[in-house]
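Residue numbering for the sequence shown follows my numbering, beginning at 15 and increasing consecutively.
We treat Cβ as the ideally placed atom computed from N, Cα and C, and that holds for glycine.
Quick caveat, the model's predicted, so the values are computed rather than measured.
Following: one structure in structure tokens, then a few remarks.
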Amino acid sequence: HMRRIAVSVAFGGVNCTGPASEDRPCSEEACPVDCQWSEWGEWDACSVTCGSGLQVHSRSVTAHAANGGAACSEASSESRACSVAQCPVDCQWGDWAPWESCSASCGGGVQYHHRYAAVTAAHGGVSCVGSPTASQTCNPQACPENCLLGPWSEW
Numbered sequence: 015h016m017r018r019i020a021v022s023v024a025f026g027g028v029n030c031t032g033p034a035s036e037d038r039p040c041s042e043e044a045c046p047v048d049c050q051w052s053e054w055g056e057w058d059a060c061s062v063t064c065g066s067g068l069q070v071h072s073r074s075v076t077a078h079a080a081n082g083g084a085a086c087s088e089a090s091s092e093s094r095a096c097s098v099a100q101c102p103v104d105c106q107w108g109d110w111a112p113w114e115s116c117s118a119s120c121g122g123g124v125q126y127h128h129r130y131a132a133v134t135a136a137h138g139g140v141s142c143v144g145s146p147t148a149s150q151t152c153n154p155q156a157c158p159e160n161c162l163l164g165p166w167s168e169w
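As structure tokens, this is what we get:
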């Protein structure tokens, strides 16, 4: 309990002495202690070095509930989405197309086939290596020769 000065000192009077408040135990039982949390820690680094990932931060209990106090009910960690620079994408060739027709039916010709990049390099990824076109010789067999008569000789 507390007390206040009822009459202030004046005209050479004596100052009040003694405490302005007194304390005494109010209960034999221990007081309830509610759960208490620390401050949130810093966010961790993103879980990935490129693309989308997660960051986590946490906190710890600094005082556990006791004597009927409120228990800790909130989460001790939180997460949030994070995004870092886009990931490099390396080029990938698609399948080879079928061979085109041979340029000659005999005597040796050439035929080609092509492929296209199924995935184009992006964000610092590696470009496709190799040619998009390939060739090979075809129909190497000799061409048939038909008989041809020369001009008539003189009589």
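Is Q106 helix, strand or coil by DSSP?
-> In this structure, Q106 counts as strand in the three-state DSSP scheme.
Do the segment 65-79 and the segment 89-97 make contact, defined as three or more Cβ pairs closer than 8 Å?
-> Contact between the segment 65-79 and the segment 89-97 is present: three or more C-beta pairs spanning the two stretches fall below 8 Å.
Across which residues does DSSP place T147 in a beta bridge pair?
-> Residue pairing from DSSP places T147 in a beta bridge opposite H128.
By how many angstroms is the C-alpha of C60 removed from the C-alpha of P33?
-> For P33 and C60, the gap between their C-alpha atoms comes out near 58 Å.
Do the segment 100-109 and the segment 125-143 make contact, defined as three or more Cβ pairs closer than 8 Å?
-> Touching, per the Cβ criterion.
Which of the three DSSP states, helix, strand or coil, is assigned to T31?
-> In the structure shown, T31 adopts coil according to DSSP, grouped into three states.
What first and last residue would you give for the beta strand (DSSP E) that runs through S90?
-> Membership of S90 in any beta strand (DSSP E) is not indicated, and neither H nor E is assigned to it by DSSP.
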